[in-house]
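Residues 657 to 1204 in the numbering used here are what the first sequence spells out, letter by letter.
Read through the structure below, which is laid out as C-alpha cells, and then see the notes.
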Amino acid sequence: MQKKYITPVFRNALNKIGVPEETELHFEAPKNPDHGDFSCNVAMRSAKAMKKPPRAIAEEIIAALDYDAKLIENVSIAGPGFINIKFTDGFYAEVLKTMDALGDQLGRSNLGEGRKVNVEYISCNPTGLLHLGHGRNASIGDTVSNLYEWTGWDVTREYYFNNAGNQMNNLAKSVYARYMEALGNADFPFPEDGYRGEYIKQIAAEIKEEFGDKYKSGTEDDITFFRKAGEKWCFREIKKTLTRMNIEQDVFFNEDSLYTDGKIDAIIQDFKKLDLAYEKDEALWLKLSEMGLEEDRVIVKSSGEPTYRLPDMAYHREKFELGYDLMVELFGADHIATVPDVQAGIKALGYDTNKVRTLIHQFVTLSENGEQVKMSKRTGKNYTLDDLLDEVGPDVVRFFFLMRSVNTHLEFDLGLAREQSDKNPVFYLQYAHARICSMIAKAEDLEIKVNDNADFTLLNHKAEISLIKYIMNFGEAVKSSSTKCEPQVLTDFLREAAAAFHVFYHECRIISADSEELRDARLKLASIARIMMKNGLVILGITTPEHM
RNA sequence: GCGCCUGUAGCUCAAUUGGAUAGAGUGUUGGAUUCCGAUUCCAAAGGCUGGGGGUUCGAUUCCCUUCAGGCGCGCCA
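Dropping the structure here:
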C-alpha cells in the first residue's frame, strides 16, 4: 500500500524532469533502517539515458516531488545516488488501521485470481516406508500448496500413485521370499534387487499369521496376491505417517489408470503420427535428439512394456487436459535426470511447458553433535520419517524441513530439534503467539477488553513502529514466498516478526501503560500481531498453541 | 568423462534476483528485568563470500577458469 502512494508521486516527478517513461521504477525496503523506510535507485538507473551523474539527477527528482507532508517525513539522497524516503508515524497509524480492517484475512491476497494450480508432491511408490527425503518433500509440497491458497489460487493437491511396473513385482517377490523364510525355509533365495528393509518381514509375518501356508507354492496368482498385499500395507503406512504430519491430499492419481484407459497407447500413436518414434532392436525409441537433447531414449522396451517416460508424459498430458493454469511438481534430486526427457516429450505434443514448474529439493542429512546419524538409536534400523516424528514431533519436523531454501542440502540437527527451549526456532515462534494469548487473557481477567476503536496515532515508540512494519509487510512476505515457491522466505520473516514482537513486549508496558488510551492501542497492536503469527504458522502447517 | 546442485562468521544458514557498512540463529564473553510469562531483551568479539581472472558507477549475485563436496548419467522408476 505504501508503494501505491509513492509510485505515482515519483512517476510525476520523473516526467517533469524528462526521465524516459520506460525507466524502471522500483522501491525496496533497505536492510539498514537508518536509510529510511523506502529506497529508490531510479537516479542510478537513469544515469546513462540522462547523461548526468546519479546524485545530480536525484536532486532534480527530489525538487520535483510533490507529496503529502502528513505521510512522508522527508526524502533524502544517500550514497551513490539512492533516494531514501521516511514516512511519518501518522502514516503507520493509517497502515495499522488498514491491516486491522483485514481481520483474520491478514496476509491473504488475490495474486492467483482464482487460477487453477496443481501441486504434485510426495508421490512415493507403495514399496516401502517414508524416509527423511520424503518428509522434506511432503513439508515443502504441503506448505507451497498453502501458500498458493493464501495468494488466491484454486489449489489441487495431488499424489501420483505408481503401482505399476517392475518395482511392484520386486516387492511381491521380496515379500514372498520373507514369507517362505517365515514358514521355515531358512535358505529360501532372496531376489537380488529385492527390498531388504525390515518392514518386508513384518508384512510377511502378518500374511503368515492370517493365511498360514496358503500361498507357499508361489504361483502367478500367489505372486499377484503378495503384490497387492504389499502395496496395501505400504500405502496404509504412508498415509498414516502423512496424517501424523497433518497432510491430506485431494487426488491420488493412479498410474495404472493410464493403461486401462488407453492413454499410453494414444500417446504412442501420437508420437508415431508426428514421426517422432522409430523401432530399433525390437524396442520403440523417441527422437529426443531432434528435440534438442543429447540422445534418443527407449519408450517401449523390447518386452512390450513402456519405460517410465511414457506414463509420465501421459500423466502430464492428463493434467494439461484438465485445464490447470500451472502445474507444480516436487522431486528429490535423484529424479533430476528424468525432467528434460519428459518435458521435451510433452512439448513435442504441443503443450506449453512453461505451465509446468519443477521444484527439485536436495538431500537431507541427519546430524547430532556434529556427527552424521544414519541409524535410529531407538530401533537400530535406518531412520524413517516416523522415527523422526516420534522423536521430535510434527511441528519441529515440518519447520526444520521448511527453514532452508529448497534447492540446497539440508542438515537436520537432531540435538537442536530435540531441544524444547529458546534454542529451537519453532518454540521461539510459537512462544510469541502463546505470549500474546496469555497476555490478552490476563487483560481480560482485569476486565480489560481489546478495544477496536483504539487510537493508533499514540503508537510512536521505535519498537511499536517496527512491529507495525512487520504486520504491514506480512502480506508481501506471503506473496514472495508463494511466487518463489520458497517456504524459507516465510519462516525467516516470521522469526524476525516474532523478534520484533518480543522487543515491543520487552520495551513497552501494555496492560500497565501510562494511559488507558495507550494501553488500548498497544493491546490492539498485540492482538493484530497475534493474527499475523497465527496465520503464518497455519501456512507452515504448524500448530498455534495458546499456552506452552 | 558429461550434466545438475552446493561452497558465505567456529557451526547451521540468509542476503529483497546487480545495490549502501555482507546479515540472522547457535556457540563464546559480558550485561538487563522490583511490574503483562526469564522459552524474553541488550551488547561485544567473530568475514579476502573456496582460489584466480573478467563485465560496470557497483559483484555473494552475471561470464570464464580452477579446486572441493553432493546427486544423476539403464530397454530401473
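Glycine included, C-beta positions come from ideal geometry on N, C-alpha and C.
Just to check my reading of the structure: Ile1127 and Ala1185 have Cβ atoms closer than 8 Å, yes? What is that Cβ distance to the nearest angstrom? The beta-carbon separation of Ile1127 and Ala1185, rounded to 6 Å, stays under the 8 Å limit for a contact.
Close Cβ partners of Thr812 (< 8 Å) along its chain, the five nearest in sequence each way excluded: Lys772, Val773, Asn774, Val775, Asp906, Val907 and Tyr980.
Using a Cβ-Cβ cut-off of 6 Å (strictly less than) and excluding sequence neighbours within five positions of Tyr934, which residues of its own chain qualify? Trp941.
Please list, in chain order, all residues of the same chain as Val1048 whose beta carbon is under 7 Å from its beta carbon, the five residues on each side excluded. Counting only residues of its own chain and dropping the five nearest sequence neighbours on each side, Val1048 has a CB closer than 7 Å to the CB of Ala1073 and Arg1074.
Span of the alpha helix (DSSP H), counted from its first residue to its last, around Gln761: Unbroken run through Gln761: none, as it is neither H nor E.
Enumerate in chain order the residues of its own chain whose CB-to-CB distance from Ser1122 is below 6 Å, with the five nearest sequence positions on each side excluded. The residues are Ala1156.
Option in Lys687, Pro686 and Ala720 with minimal Cα separation from Gly674: When only C-alpha atoms are compared, the closest one is Ala720.
At the level of alpha carbons, what is the spacing between Val1012 and Asp722? C-alpha separation (whole angstroms): 45 Å.
Count the other CB atoms within 10 Å of the CB of Asn1063; is the residue buried (16 or more) or exposed (fewer)? Burial is judged here by how many other beta carbons sit within 10 angstroms of a residue's own beta carbon; Asn1063 has fewer than 16 and is exposed.
Please state whether the Cβ-Cβ distance between Ala1099 and Ile1167 is less than 8 Å. The Cβ-Cβ distance between Ala1099 and Ile1167 falls below 8 Å.
Name the two residues that bound the continuous beta strand (DSSP E) containing Ala939. Run containing Ala939: Ala939 to Leu942, per the beta strand (DSSP E) assignment.
Beta-carbon contacts of Tyr964 that lie in its chain and below 8 Å, excluding the five residues immediately before and after: By the criterion of a C-beta distance shorter than 8 Å, Tyr964 is surrounded in its chain by Gly821 and Thr994, once the five residues flanking it on both sides are discounted.
Among Leu914, Leu944 and Glu938, the one whose alpha carbon lies nearest that of Phe927: Answer by Cα proximity: Leu944.
Limits of the beta strand (DSSP E) - the one that Arg813 falls within: It spans Asp810 to Phe817 - the beta strand (DSSP E) in which Arg813 sits, taken as one unbroken run.
In the DSSP assignment, find the unbroken beta strand (DSSP E) run with Asn1191 in it and report its ends. Per DSSP, Asn1191 belongs to no beta strand (DSSP E); it is in the alpha helix (DSSP H), Glu1172 to Leu1196.
Tell me the residue span of the beta strand (DSSP E) that contains His691. Here His691 belongs to no beta strand (DSSP E), and DSSP marks it neither H nor E.
For Ile1006, name the three-state secondary structure that DSSP assigns. Note that residue 1006 corresponds to Gly in the displayed sequence, not to Ile. It is coil, neither helix nor strand.
What does the Cβ neighbour count give for Gln1086, buried or exposed, with the cut at 16 atoms within 10 Å? Buried, by the Cβ-count rule.
Quick one: measure Cβ to Cβ for Pro1050 and Met901, integer angstroms, because I've assumed they're closer than 8 Å. With a Cβ gap of about 5 Å, Pro1050 and Met901 count as contacting.
Looking at the structure shown, is Ile728 part of a helix, part of a strand, or coil, going by DSSP? If DSSP states are grouped into helix, strand and coil, Ile728 belongs with the strands.
Within the same chain, show all residues whose beta-carbon is closer than 6 Å to that of Thr1147, passing over the 5 residues directly before and after it, in chain order. The beta carbon of Thr1147 sits closer than 6 Å to those of Leu1058 and Met1059, all from its chain and outside the five residues before and after it, given in chain order.
Cut-off 8 Å between Cβ atoms - residues of its own chain near Glu862, not counting five sequence neighbours on either side: The residues are Trp889.
Ile717 and Ala669 look like a contact to me (Cβ under 8 Å); what is the Cβ gap, rounded to whole Å? Going by Cβ atoms, the distance from Ile717 to Ala669 rounds to 5 Å, so yes, they are a contact pair.
Rounded to whole angstroms, what's the CA-CA distance from Glu1103 to Ala1097? Just pull it up for me. Near 10 Å, if we compare the C-alpha coordinates of Ala1097 and Glu1103.
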